[in-house]
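Protein chains in written order, with the working numbering: chain X, 1 to 131; chain V, 132 to 298.
Cβ coordinates follow ideal geometry from the N, Cα and C atoms, glycine included.
Predicted model, so just to flag it, every value in this text is computed and none were measured.
Printed below as a string of structure tokens:
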């Protein structure tokens with residue numbers, strides 16, 4: 001009887017632990033934010049500031065199929081530098097690309113971008129940042 | 132652990148001040164005299180509205196010239212300047228400019244606090260979460276983490292980020 005009670009208690013604790021494990025989100029899951037109406041011109045403009053939630057650098061993709069060639073970068077919130085430079089996203093591409101900076105977690109960065117020279121503005125296109 | 136966080140762990144104001152002084156001496160850093168003007172400026176900035184609406188989107192004129200008009204509202208530790216901001220890197224709105232000035236200054240105050248090089252730093256750091264572009268979103272989360280009792284991991288990462296960016 002005591003053995004059965006002990007088994008029951010153990011089972012319940014194990015089940016509870018399992019539920020907790022199932023319920024807990026992955027510590028390394030990337031957080032995504034949609035950049036709605038990421039309006040670009042041929043000059044670099046800033047969309048918004050974010051903070052990384054993991055190491056390895058944030059990634060960006062267009063959600064709407066872009067009609068123009070664009071350049072996207074992550075900028076430093078304190079200096080406005082773009083330490084890793086720009087990433088080229090060809091017209092029609094909706095694939096993710098890693099922006100290369102900041103590679104540490106809890107780091108502030110601006111999402112910034114522009115259209116390729118001579119292509120004019122591209123407005124009302126949505127993108128997504130994975131950070 | 133930052134100086135601010137270590138001070139928070141020590142109970143009592145007098146002991147906290149002694150603790151800060153000990154950290155400054157121990158690290159070889161030299162704390163400069165407190166400047167009431169810096170503290171007053173930091174508090175006053177907390178009552179200014181963030182650029183919103185048409186003003187926030189304004190991009191006319193050079194960013195450097197527009198920054199010069201408002202930079203006096205943002206306090207910096209003694210001997211620091213905004214010279215490390217790349218004003219020509221992009222088409223900056225008034226909101227972008229305000230955000231850059233504040234985050235640049237905040238980084239320098241957070242480092243001054245961590246290194247114990249300014250007696251004003253703890254008071255100014257406590258005001259930063261109320262600054263116009265630090266009141267909401269992730270910038271606010273970062274600023275709030277730098278206040279004693281905030282997220283220690285985020286605070287440590289932010290000090291490292293600032294040291295890498297403006298240190």
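query                                                                                                                                        : result
Residue environment, residue 269(V), which counts as buried when at least 16 other CB atoms sit within 10 Å                                  : buried
Nearest-angstrom Cα separation, counted from residue 245(V) out to residue 84(X)                                                             : 27 angstroms
Test: residue 217(V) CB closer than 8 angstroms to a CB of chain X                                                                           : yes
Own chain, CB closer than 7 angstroms to residue 240(V), minus 5 neighbours either side, in chain order                                      : 208, 252, 255, 256 and 259
Beta carbon of residue 98(V) nearer than 8 angstroms to that of residue 297(V)                                                               : The structure shown has nothing for residue 98(V), since chain V only spans 132 to 298.
Residues near residue 65(X) in its chain [Cβ-Cβ closer than 7 angstroms; skip 5 each side]                                                   : 92 and 94
Test: residue 51(X) CB closer than 8 angstroms to a CB of chain V                                                                            : yes
Contact with chain V by residue 31(X), beta-carbon distance below 8 angstroms                                                                : no
Test item: CB-CB of residue 128(X) and residue 34(X) under 8 angstroms                                                                       : yes
Neighbour-count burial assignment, residue 212(V), 16 or more Cβ in a 10 Å radius                                                            : exposed
Contact set between residue 296(V) and chain X, taken where Cβ atoms lie within less than 7 angstroms                                        : 76, 78 and 79
Beta-carbon spacing of residue 61(X), residue 96(X) below 8 angstroms                                                                        : yes
Chain V contact for residue 130(X) (CB, 8 angstroms cutoff)                                                                                  : no
CB contact below 8 angstroms: residue 35(X) versus chain V                                                                                   : no
Residue from 291(V), 247(V), 231(V) and 288(V) with nearest C-alpha to residue 195(V)                                                        : 231(V)
Beta-carbon contacts of residue 289(V) that lie in its chain and below 7 angstroms, excluding the five residues immediately before and after : 241, 273, 276 and 277
Cβ of residue 105(X) within 8 angstroms of any chain V Cβ                                                                                    : yes
For residue 50(X) and residue 264(V), the rounded distance between their alpha carbons                                                       : 13 angstroms
Rounded C-alpha distance that separates residue 177(V) from residue 100(X)                                                                   : 34 angstroms
Members of the segment 252-271 of chain V that neighbour chain X once the beta carbon cut-off is set at 8 angstroms                          : 268, 269 and 270
Pairwise C-alpha distance: residue 77(X) and residue 120(X)                                                                                  : 27 angstroms
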